Amino acid sequence: MITVKDEKQIEYMRESCRIVKETLEFVGRNIRAGMTTKDVDELVYRYITSCGAYPSELGYEGYPASSCVSVNEVVVHGIPSDRIILDGDIVSVDITAEKNGYHGDACRTFLIGNVPEDRKRLVKVTEECFFKAIEGLKAGVPLYDIGYSVQTHAEANGYGVVRALTGHGIGREMHEDPSVPNYGKKGTGMRLKAGMTICIEPMINMGTHKVVFNRGDGWTVTTADGKPSAHYENTVLIKEDGVEILTL
Ligand code: MF3
Ligand code: CO
Ligand code: CO
Numbered sequence: 011m012i013t014v015k016d017e018k019q020i021e022y023m024r025e026s027c028r029i030v031k032e033t034l035e036f037v038g039r040n041i042r043a044g045m046t047t048k049d050v051d052e053l054v055y056r057y058i059t060s061c062g063a064y065p066s067e068l069g070y071e072g073y074p075a076s077s078c079v080s081v082n083e084v085v086v087h088g089i090p091s092d093r094i095i096l097d098g099d100i101v102s103v104d105i106t107a108e109k110n111g112y113h114g115d116a117c118r119t120f121l122i123g124n125v126p127e128d129r130k131r132l133v134k135v136t137e138e139c140f141f142k143a144i145e146g147l148k149a150g151v152p153l154y155d156i157g158y159s160v161q162t163h164a165e166a167n168g169y170g171v172v173r174a175l176t177g178h179g180i181g182r183e184m185h186e187d188p189s190v191p192n193y194g195k196k197g198t199g200m201r202l203k204a205g206m207t208i209c210i211e212p213m214i215n216m217g218t219h220k221v222v223f224n225r226g227d228g229w230t231v232t233t234a235d236g237k238p239s240a241h242y243e244n245t246v247l248i249k250e251d252g253v254e255i256l257t258l
């Protein structure tokens, strides 16, 4: 079900999203080579709970941690572990926070130390994909224009757009309708409405768009060719005259 939020609900969304944004800034100031991905998860847990919020990934469909920490070839849902973050890695940290019954959701891909030029460019283009997608976005725009913009920019740069995972609506539930793919045909899909809150989250691969789901742990998604992947996400409010990026 697609939900449209009223002013009061939007205020709650702003609050959860502000906590998500601050948490990612805190992670950005502290993440470094030599840490494990579990150390990163501890930073996330500590910061979000200190804000009186709950890291709502923890326990979500049995997910065992407060963050998804995905290194290099891990696309998304990297479970924090003893994996040591190395100089030159790109590490995406995807988190959600719930306060007053509403969720915020965002992801940043951090550059660790001396990162090779091709990886840096992947991260930069992935962020650009998000900003291309929100250009001109407002109530009345067809949903799949978002994916069209992401795909056009990513493929123009020679990258693969992950198809198997998408963005989504968000609110009282972390994942609400509609699904927001990173590919699509311009001018198609439902028309966005003012008051909708959605997560736009390009997941872009340096090589093939194909991914592999780890059947062992039930979560980790990696690139099929082992090449790096980047992820960038914000929670966005659709307005009559544009958008408000709630996690920025
Ligand atoms: N934050 C992710 C998203 O962007 C969802 C994480 S799934 C979880 O949709 F299981 F880790 F919570
Ligand atoms: Co997320
Ligand atoms: Co999301």
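The opening position of the sequence shown corresponds to residue 11 in our numbering, with each subsequent residue numbered one higher. C-beta: ideal position from N, C-alpha, C; glycine also. Keep in mind the model is a prediction, meaning the values are calculated, not measured.
Contacting residues, own chain, Cβ-Cβ under 8 Å from residue i (five flanking each side not counted)
i, result
"Asp227", "Ile89"
"Lys109", "Tyr22, Glu25, Ser26, Ile29, Cys61, Gly62, Ala63 and Tyr64"
Check: residue i C-beta below 7 Å from any heavy atom of ligand 1
i, result
"Asp227", "no"
"His113", "no"
"Tyr55", "no"
"Tyr64", "no"
Residue i and residue j closer than 8 Å at C-beta
i, j, result
"Ser189", "Thr176", "yes"
"Cys209", "Glu254", "no"
"Thr207", "Gly179", "yes"
"Met184", "His113", "yes"
"Thr47", "Arg93", "yes"
"Cys27", "Thr245", "yes"
"Val86", "Val231", "yes"
"Ser80", "Val54", "no"
Residue of the options minimising C-alpha distance to residue i
i, options, result
"Ala107", "Leu96, Arg182 and Arg93", "Arg182"
"Gly3", "Ile180, Gly150 and Asn167", "Since the displayed the chain opens at 11 and closes at 258, residue 3 lies outside it and no answer follows."
"Ala234", "Lys220, Val246 and Thr245", "Lys220"
"Ala166", "Glu186, Leu153, Tyr154 and Cys139", "Cys139"
"Ile248", "Gly146, Ser66 and Glu137", "Gly146"
"Val135", "Val171, Lys203, Lys195 and Gly194", "Val171"
Terminal residues of the beta strand (DSSP E) in which residue i lies
i, result
"Arg24", "Premise fails: Arg24 lies in the alpha helix (DSSP H), Glu17 to Asn40, not in any beta strand (DSSP E)."
"Lys195", "Run containing Lys195: none; DSSP gives neither H nor E here."
Near ligand 2: residue i beta-carbon under 7 Å from a heavy atom
i, result
"Asp92", "no"
"Thr106", "yes"
"Glu243", "yes"
"Asp51", "no"
"Cys139", "no"
"Cys27", "no"
"Cys61", "no"
Proximity test, residue i beta-carbon vs ligand 4 heavy atom, cut-off 7 Å
i, result
"Glu211", "Ligands displayed in this structure: ligand 1, ligand 2 and ligand 3; ligand 4 is not among them."
Own chain partners of residue i with C-beta closer than 7 Å, once the 5 adjacent residues on each side are dropped
i, result
"Arg129", "Ile100 and Pro238"
Chain D contact for residue i (CB, 8 Å cutoff)
i, result
"His241", "Among the protein chains of the structure shown there is no chain D, as only one such chain exists."
Close-in-space but distant-in-sequence residues of the same chain around residue i (CB under 6 Å, 5 per side omitted)
i, result
"Gly205", "Val14 and Lys15"
"Glu35", "none"
Segment limits, alpha helix (DSSP H) that includes residue i
i, result
"Ser91", "From DSSP, Ser91 is part of no alpha helix (DSSP H); its letter is neither H nor E."
"Cys116", "The sequence given here places Ala at residue 116; Cys does not occur at that position. Premise fails: Ala116 lies in the beta strand (DSSP E), Tyr112 to Leu121, not in any alpha helix (DSSP H)."
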